[in-house]
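Trainee:
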Amino acid sequence: MSVSHQLLGLGPAEMLDFDKRTCSRQGSVGDIEIMDGFLKGFNLNYDDTIRQLDIYYGIVKRTILRYQSPVNGLFPVLSSDNKVGSVRDSIYCAAAIWSLYQAYRRIDDDRGKSHELGQSAVKCMRGILECWIRQADRVEQFKQNQSHQFALHCKFHLETGDTVFGDDEYFHLQIDVVSLYIIYLVQMITSGLQIIFVQDEVNFVQNLVYYVERAYRTPDYGMWERGSKYNDGTAEIHASSIGMAKAALEAINGCNLFGDVGTSWSVIFVDIDAHNRNRSIFETLLPRESSSKNIDISLLSTISYPAFATHDEQSYSKTKQKILRKLKGDYGFKRYLRDGYKTMVEDTERRFYTKGETKNFENIECQWPIFYLYMIIDGVFKGIPDQVEEYCQLAKLRLIRDNLGDPIVPRYFYVPKESIEEEKQEPGSQARLMSGKGSDSEVFLWGQAMYIIAQLLTSGLVHLNEIDLARRYLPTYNRPRRALRYSAFQGTASDLVVQVVLIAESHRLQAMLATYGIQAQTPVEVEPVQIWPPSQLVKVHEYLGVNKKLGLKGRPPRPVGALGTSKVYRVCGQTVLSYPLMFEVSDFYLSHDMTLLIDDIKTELHFVGKNWRLSGRPTMVLLIREDHMRDRKFKELLDLFAELKKGHCDGLKVRIGRLQNLISSSCIEHLDFMNHINVDLNVAPFRQVVHEYSGYQSLTDVPKAIVFNDPFLQVKEYKEQPTSEILEAFRNLEGFYAKCQLLGFLLKREGADFLVEEDLTVQEALHRMNDQAGVLRLWGAVRYASSLLCQLVDSISPYITTILVNGKQLTFGVVGKEEVVIDKPMSPAEIRDVIYSKVQPYDIVQATLQQELALYCGKLIVTHPDVFDGILKIRIGWVLQAIQLYMDITKENVNENFQLSWCSPSEVRRLLQIVLDIGEHPDKLSVFQRRQIEGCLCRVPTNFYGKVWHVLRKTPGGIIIAGKTLPQEPTLSHMTLSELNFALQVEIMLHNIEHPEYIQIVIELLCVVSTILQRNPELAFNGSLDVDQLVESAYQMFQKDFKAEGAKHGDNELYPFFNAPAATTTGYLARAVVNNILQGDMRFGVELNEFSRAELCVIQ
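Just so you know, we're using the working numbering here: the sequence shown kicks off at 1463 and counts up by one.
1) What alpha helix (DSSP H) runs, 4 residues minimum, are completely inside the stretch 2374–2452?
2) Across which residues does DSSP place Gln1961 in a beta bridge pair?
3) Look at the Cβ atom of Leu2209, then the Cβ atom of Phe2192, and state whether they are nearer than 8 Å.
4) For Phe1814, count the other beta carbons within 10 Å of its own beta carbon; 16 or more makes it buried, fewer makes it exposed. Which is it?
5) Indicate the three-state DSSP secondary structure (helix, strand or coil) for Val2142 in the structure shown.
6) Here's the rule: buried if 16 or more other CB atoms are within 10 angstroms of the residue's CB, otherwise exposed. What is Val2152?
7) So who's on the other strand from Cys1586, going by DSSP bridges?
8) Return the first residue and the last residue of the alpha helix (DSSP H) that Ile1521 is part of.
9) Terminal residues of the continuous alpha helix (DSSP H) containing Val1905?
10) For the alpha helix (DSSP H) containing Glu2219, name the first residue and the last one.
11) For Phe2500, I'd like the list of residues in its chain whose CB is within less than 6 Å of its CB, leaving aside the five on either flank, ordered along the chain.
12) In the DSSP output, what is Asp2488 paired with across the bridge?
13) Just tell me which of Ile1743, Arg2087, Val1546 has its CA closest to the CA of Gly1623.
14) Please work out which residues of its chain come closer than 6 Å, Cβ to Cβ, to Asp1694, disregarding the five sequence neighbours upstream and downstream, and give them in chain order.
15) Just confirm the distance between the C-beta atoms of Phe1770 and Tyr1935, as a whole number of angstroms; I'd bet it's less than 8 Å.
16) Spatial neighbours of Gly2013 within its chain, please: CB distance less than 7 Å, with the 5 preceding and 5 following residues excluded, ordered by chain position.
17) Going straight from the alpha carbon of Met1831 to that of Tyr1874, what length do you get?
18) Enumerate in chain order the residues of its own chain whose CB-to-CB distance from His2511 is below 6 Å, with the five nearest sequence positions on each side excluded.
19) So the beta strand (DSSP E) Lys1617 belongs to, where does it begin and stop?
20) Can Glu1698 and Ser1609 be called in contact, C-beta distance under 8 Å?
21) DSSP three-state label for Cys1717, please.
22) Is the separation between the beta-carbon of Ser1897 and that of Pro1872 shorter than 8 Å?
23) Looking at C-beta atoms only, is the number of pairs between the stretch 1633–1640 and the stretch 1698–1708 that lie closer than 8 Å three or more?
24) Quick one: what does DSSP say Tyr1834 is sitting in, helix, strand or coil?
25) Would you kindly work out how many angstroms separate the C-alpha atoms of Leu1866 and Val1807, rounded to a whole number?
26) Please list, in chain order, all residues of the same chain as Val2038 whose beta carbon is under 6 Å from its beta carbon, the five residues on each side excluded.
27) Assuming contact is defined by CB atoms lying nearer than 8 Å, are Arg2149 and Pro1985 in contact in what I supplied?
28) In chain order, which continuous runs of the beta strand (DSSP E) of length 3 or greater are located wholly inside the stretch 1800–1834?
29) In the DSSP assignment, what residue or residues form a beta bridge with Leu2076?
30) Where Ala1701 and Tyr2460 are concerned, what is the direct C-alpha to C-alpha distance, given to the nearest angstrom?
31) Check whether the stretch 1827–1846 and the stretch 1788–1806 touch, using three or more Cβ-Cβ pairs below 8 Å as the test.
32) Return the CA-CA distance between Arg1941 and Ala1932, expressed in angstroms with no decimal places.
33) Is it buried or exposed, Arg2111, if we count other Cβ atoms within 10 angstroms and call 16 or more buried?
34) Ignore the nearest five residues each way along the sequence and tell me which others in Val2470's own chain have a CB closer than 7 Å to its CB.
35) Quick one: give me the first and last residue of the beta strand (DSSP E) that Lys2335 is part of.
36) Please look up how many angstroms separate the CB atoms of Gly1684 and Gln1611, rounded, as I've assumed it's under 8 Å.
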């Protein structure tokens, strides 16, 4: 029997009656002849093809098209709903209709069917567009603030197109829906359908690109419209939403919305850096869906049809296997674990769940057969016949027929109330019932749409290339090359060469470089090509998508990243190249550190080489300023240029040369939309510095950096002095650091506009001190002044987001004071508010130092993620303490009072790397010192949080740490072993401990307890587990054996124990646990199978 028959569940002789008025010249389902279909190749003749297409045409008319709104073309979720149209379901319905349209295009005489189908799809896609255009003001607001209050709605009235649910009634923030629309918009336009009619609509779609491009940092409510699996109204960053956005950006880049008859202003442009952030973060998250959802079936449509968001075989296979292992059932797939939706124990009167309620849904989650159809389609695209056959058989068992004999896909299967307890005890043992929704009386239209697509593919009536014209299922390097005017994603060459152009600020700087054999060009020499600052490129892009009628302002003024500045642009007849953001003169002091700049150049070169996905080579401008000449480490920059001249940079291939010779092989982007905008750009290109003398001798005119030793005077005694005395001290004292402190006192007392000298306010004086201290590399003073000016380091927001999506959290705060946890992406303004309200009041300099460390951690986690293994929450204040401890221990500076704030930024970054990788530097530290530093970082061994979970399961009274209790309930009910939230709860408990070395001992103890319990599964605690008592008991035994005296390290009387090797402390901790057993604090007789081995939570 054919695959088609298997899915239909029909015998060859079964006949169905069709409505001849709407489906003329069509066969019946029973007319499908027995054939081998997909599994053994297609041998359809013309008549067979027509007959089968007519059958599916009839099914589509009766089970899908009859429910399309005649007004706006939208579809409801269920056929019985004549009020609410769903955007997601409408897109899939349009996709199914379009797929049949594509199949009919093979037929010469289809009697108008293909035209009708194509226009039905167009009507739906345009209906969605029109509903959204009416909310253009929300798109503009969302571009500035990614809040659910400004999200495009996903539900509209089927007749009026009006909104039906307010922002407080329904969670409309579902980025994957907008991304899905963009993907199918591109596919349908590529097939020849005209969906976009006028320039207003082109502008709006360009703004939809801006809407989704920040998916990587936008918590949303995901495919299931609930956000967190706890259904408590909390949004999360979802891998499925990010993956859909990545696929959408890839698909629409360079797409002409008017198709083959398009013009230059109907082309859509994508920020390649935004695409890259979504790509890298999506692949980092896989196979996890979100913080609360370890896995989710929504990822299937992301890694496979229709998004095909990853072509990394390892990521794809790992995610798919996890879906099959965790979510597959006999009736369909679960959406995610502990999903209570439509279960018999869900309280439908409440919108949200109570804390711990998700435990009630374990093992009785509804199963959705629609995802069998996704697996069939995946098998076709991946060329896996066995998978297609397997899921055809599974689907056949679950599909039903209506009274006309049409196949119907049930929405879900649920466990009946009377079988719930048995199913919980033995999952999979009880029969499930079909939902009333998705039956012959209430058709589940999304399911019907996927059925049609799966059938057309498996029957050979449509080829996969005909429903994926963008070739999304192929890796970018295997997609057909587009000989177009605009850049396209084409994959990365295995031997990619990064082109480098050296631009010198002046002729005399060029001459100086030439004496070292470094050939650079000046801005005048590269003319007519112009060198632009990246800020000017931002200004040009702000006109992209502007539409005054709709109130749309175009691209938000976001910086252009390293990939964007590696393109050559043609703008209004000019050829333009932009230098990277790191060469922009910044108010923040990091730009004054030459070593940091050199490291950033190398990092950026490798970043571009690794992440370049466009046709043509990347071309980077390295801008050399005369200010660089003043730096004492300028020779190191020359050494880097000499290395680049040899054609490599730490293994990366580079080609350094004249710009005129490199343009032909560059990636060129034509910003043709500017040709139709009647504005005066007023762009300020980078200008060459002109001197009276340009020869080598005139380099003596460039002042060298002064070696200035700033005395780090503390002037706290002036804090309470009268303002007049502070002003007098300010005028008389010499040190920059001291003057900054005095200005700080005046700023707090008198305000920023208070005059410290004639025509010089406090604010102006601080800016002057900041600039001068930066030039002189007086890092303590410049950090102090920057903090008083409330400055924020450039690009901190995306780097914090990078930390978050790598499964970590971040905190800002001074040790011993309140910490603020950053667990979701924040805007720069929000980050500034946190730092200057929670850090600066307690430590002025730490307000800037903590920014530095957050930035460095964000960069390190990309290049060296292994150094963060075992660290779940990066507590910046504690990291600072760890670095200061390391400096005190190793005496790296001869000055015993030397502070971290006096170090250069590059030195701070070096120390951070050492502390994070302290295991590679064991010789310098004692055991106690290593425990101190690792305790500051709260680093734990592999599987630690899973071990704590098992300990907690055998501890009815909970685990007591530093007087705080981690209760067994509702912790075990509310959370699961594999989710991040449990691990975070344990980490919070550990940080209740005051001394960092004690944290490490407690971690060792919990590992010991876990090992004992796992080796002796019959044991369990009677009440609580007090770790402080066990540590004290272990220390008493250690002291007795070694006759150790206390108080050998400050006031820490446990120092001898904490300084003992791990093998020693582990032995005594184990003895303490055994003594606890002998004293009767533990019980026997726990059933062995009660604590079956579950998947351990590995927090990296």
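Positions of the beta carbon are idealized from the N, C-alpha and C atoms, including for glycine.
Mentor: Let me spell this out:
1) 2389–2399, 2406–2415, 2433–2436, 2442–2452
2) Thr2081, Arg2117
3) Taking 8 Å as the cut-off, the Cβ atoms of Leu2209 and Phe2192 do not count as close.
4) Label assigned to Phe1814: exposed.
5) In the sequence as displayed, the identity of residue 2142 is Asp instead of Val. DSSP, read as helix, strand or coil, puts Asp2142 in coil.
6) exposed
7) Partner(s): none; Cys1586 has no beta bridge.
8) 1508–1525
9) Where Val1905 is concerned, there is no enclosing alpha helix (DSSP H), given that its DSSP letter is neither H nor E.
10) No alpha helix (DSSP H) holds Glu2219; the beta strand (DSSP E) holding it covers 2217–2219.
11) Phe2519, Tyr2530
12) Ile2422
13) Val1546
14) Around Asp1694: Phe1814.
15) 5 Å
16) Ala1598, Asp1599, Glu1602
17) First, the amino acid is wrong: residue 1831 is Pro here, not Met. Distance between the alpha carbons of Pro1831 and Tyr1874 is about 6 Å.
18) The pLDDT assigned to His2511 is 49, lower than 50, so where the model puts this residue is not dependable, and the model offers no usable value.
19) 1617–1619
20) no
21) coil
22) Yes, they are a contact pair.
23) yes
24) helix
25) 34 Å
26) Gln1992, Trp1994, Tyr2031
27) yes
28) Within the stretch 1800–1834, no run of beta strand (DSSP E) at least 3 residues long lies entirely inside it.
29) Phe1951
30) 37 Å
31) yes
32) In this structure, the alpha-carbon of Arg1941 lies about 8 Å from that of Ala1932.
33) Residue identity check: residue 2111 is Cys in the sequence provided, not Arg. When all chains shown are included, Cys2111 counts as buried.
34) Cβ contact annotation for Val2470 (same chain, cutoff 7 Å, sequence separation greater than five): Thr2528, Leu2531, Ala2532, Val2535, in chain order.
35) 2335–2337
36) About 18 Å separates the two Cβ atoms, so there is no contact after all.
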